[in-house]
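A.B. asks: Numbering (our numbering), first residue to last: 187 to 550. Backbone N, C-alpha and C define an ideal beta-carbon position, used for all residues, glycine too. Since we're looking at a predicted model, the values are computed, not measured. Below are the structure tokens for one structure; questions will follow.
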């Protein structure tokens with residue numbers, strides 16, 4: 187089960203997370219083999235090997251699986267069929283399919299979190315206009331309508347405001363508009379939470395069952411995209427402890443191997459509410475590369491390779507800022523800043539809302 191140095195870690199996905207996982211694997215003397223349909227992926231630039239193929243191409247997946255010691259993934263929307271093809275050929279995939287399946291469906295995700303005794307925002311399953319109207323009566327307004335699948339960084343969701351449809355004759359129109367905006371697909375309606383801040387827990391579980399968690403950063407979003415993570419967060423210590431306990435319970439319940447990112451709302455009372463989780467390394471954990479001896483990326487590689495987990499303690503306070511779109515054009519200016527670590531992802535096209543890199547400023 188242990189992947190020794192010079193072994194190969196297979197990574198499904200070729201984005202920036204796959205890039206940073208590849209670099210972390212190289213630090214440990216391991217090799218990364220990327221599988222992606224993208225012919226110009228950021229991860230391919232730094233990986234030992236790359237296979238270009240569709241996620242449902244059984245022939246290519248079988249060759250890929252035969253060339254690696256273990257397979258992991260850098261994003262949660264890997265088709266379930268991909269994991270099934272690999273598993274049929276006795277290729278070890280970590281984290282396993284259970285976590286992937288739950289994280290891919292927002293309704294199942296909420297139900298799973300509640301089954302562990304943790305709280306979520308009030309929610310209601312929506313399959314058509316009639317159930318959306320019923321959900322609004324039960325959840326109330328304002329509310330957020332989200333597709334059950336394939337949503338990230340603010341995509342696949344729309345807000346229904348407190349006043350939408352209040353005027354006579356506009357109620358049906360407001361519901362229809364929201365339904366059309368998310369593509370008239372199976373969705374989940376979530377009530378708004380009056381929270382003080384958002385935090386996240388980046389945790390890891392190894393093959394031995396050992397669990398290690400990083401400090402919980404405060405996360406600031408804009409337009410549904412993470413903009414900044416601040417460590418340490420100003421959240422009450424009790425809230426951080428509760429969040430770490432919930433994340434640890436999730437790791438155990440999923441029989442999880444690898445790094446997980448769990449997002450929380452911290453209430454003004456100090457309570458915590460689970461927003462969502464990602465079965466992979468997480469944007470809000472990027473700061474660990476520069477402020478910890480063992481980054482979340484190395485921790486993930488250690489876990490899936492069967493190595494002992496590393497010490498997640500930070501040696502520095504810091505602030506991580508994402509570089510979105512044209513923000514990355516400031517690379518020369520940023521490179522002059524003291525105590526600033528720049529990470530550019532090698533993406534060729536700078537598009538609005540696209541994550542092009544990040545910077546971590548060490549607080550001294």
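For residue 319 and residue 187, what's the separation of their Cα atoms in angstroms?
C.D. replies: To locate residue 319, count along the chain shown from 1; it is residue 133. To locate residue 187, count along the chain shown from 1; it is residue 1. Using only the alpha carbons, I get a separation of about 51 Å.
A.B. asks: For the pair the segment 438-447 and the segment 385-395, tell me if three or more CB-CB distances fall below 8 Å.
C.D. replies: yes
A.B. asks: Give me the Cβ distance between residue 460 and residue 306, rounded to the nearest whole Å; I'm assuming they're in contact under 8 Å.
C.D. replies: Numbered from 1 along the chain shown, position 274 holds the residue referred to as residue 460. Numbered from 1 along the chain shown, position 120 holds the residue referred to as residue 306. Right, their Cβ atoms sit about 5 Å apart.
A.B. asks: Can you name the residues that DSSP bridges to residue 317?
C.D. replies: Counting from 1 along the chain shown, the entry for residue 317 is found at position 131. Note: residue 317 sits in no beta bridge, so no partner.
A.B. asks: Which two residues bound the contiguous alpha helix (DSSP H) that contains residue 250?
C.D. replies: Here residue 250 refers to the residue found at position 64 of the chain shown. Element bounds for residue 250: 244-252.
A.B. asks: Got a sec? Which residues, its chain only, sit under 7 Å from residue 242 by beta carbon, not counting five neighbours each side?
C.D. replies: As a first step, residue 242 is located in the chain shown; it is residue number 56 there, counting from the start. Cβ neighbours of residue 242 beyond the five flanking positions: 265, 267, 268.
A.B. asks: By the three-class DSSP mapping on this structure, what secondary structure does residue 380 have?
C.D. replies: Looking up residue 380 in the chain shown gives position 194. Reduced to three states, the DSSP call for residue 380 is coil.
A.B. asks: Thinking C-alpha only, which one of 520, 215, 246, 406 is nearest residue 189?
C.D. replies: The sequence position of residue 189 within the chain shown is 3, counting from 1. Taking only the C-alpha atoms, the option nearest residue 189 is 215.
A.B. asks: Looking at the secondary structure, which residues open and close the beta strand (DSSP E) in which residue 506 lies?
C.D. replies: Taking the chain shown and counting its residues from 1, the one referred to as residue 506 is at position 320. Residues 503-510.
A.B. asks: Please name the residue, chosen from 479, 514, 217, that lies closest to residue 498 on a Cα-to-Cα basis.
C.D. replies: As a position in the chain shown, residue 498 is number 312, starting the count at 1. Residue 479 is the option with its Cα nearest to residue 498.
A.B. asks: Could you name the residues of the same chain whose beta carbon sits closer than 6 Å to that of residue 355, not counting the 5 residues immediately before and after it, in chain order?
C.D. replies: One-based indexing of the chain shown puts residue 355 at position 169. At residue 355 the pLDDT is 49, less than 50, meaning the model places this residue with poor confidence and gives no usable figure here.
A.B. asks: Can you give me the Cβ contacts of residue 217 inside the same chain, cut-off strictly under 6 Å, excluding the 5 residues immediately before and after it?
C.D. replies: Within the chain shown, the letter at position 31 stands for residue 217. Same-chain partners within the cutoff: 194, 234.
A.B. asks: Starting from the N-terminal side, write out each stretch of the alpha helix (DSSP H) that is 4 residues or longer and does not extend beyond the segment 390-464.
C.D. replies: Counting only runs that start and end inside the segment 390-464, the alpha helix (DSSP H) elements of at least 4 residues fall at 423-439.
A.B. asks: Our contact map puts residue 399 next to residue 432 with C-beta atoms below 8 Å; I'd like the distance itself, whole angstroms only.
C.D. replies: The count along the chain shown starts at 1 and reaches residue 399 at position 213. The count along the chain shown starts at 1 and reaches residue 432 at position 246. Going by Cβ atoms, the distance from residue 399 to residue 432 rounds to 11 Å, so no, they are not a contact pair.
A.B. asks: Which residues in the same chain have their Cβ closer than 8 Å to the Cβ of residue 530, if we skip the five residues on either side of it in sequence?
C.D. replies: The residue labelled residue 530 in the question sits at position 344 within the chain shown. Contacts found: 509, 514, 517, 542, 543.
A.B. asks: With a CB to CB cut of under 6 Å and the five nearest residues on each side skipped, what residues in its chain are close to residue 145?
C.D. replies: With the chain running from 187 to 550 in the structure shown, residue 145 is simply not present.
A.B. asks: Please tell me whether, using a cut-off of 7 Å, the distance from the CB of residue 446 to the nearest non-hydrogen atom of the ligand SAH is below it.
C.D. replies: Because no ligand of any kind appears in the structure shown, any question about the ligand SAH cannot be addressed here.
A.B. asks: Report the partner residues of residue 309 according to the DSSP bridge assignment.
C.D. replies: Mapped onto the chain shown, residue 309 falls at position 123. Per DSSP, 376.
A.B. asks: So, at 6 Å on beta carbons, what are the nonlocal neighbours of residue 313 in its own chain, with the 5 sequence-adjacent residues on each side left out?
C.D. replies: Within the chain shown, the letter at position 127 stands for residue 313. So the list reads 372, once near-sequence residues are dropped.
A.B. asks: For residue 197 and residue 229, I'd like the C-alpha separation in whole angstroms.
C.D. replies: Locating residue 197 in the chain shown gives position 11, counting from the first residue. Locating residue 229 in the chain shown gives position 43, counting from the first residue. Between residue 197 and residue 229, the C-alpha separation is close to 9 Å.
A.B. asks: Along the alpha helix (DSSP H) that carries residue 486, what are the first and last residues, could you check?
C.D. replies: Here residue 486 refers to the residue found at position 300 when the chain shown is read from its first residue. In the DSSP assignment, residue 486 falls within the alpha helix (DSSP H) that extends over 482-490.
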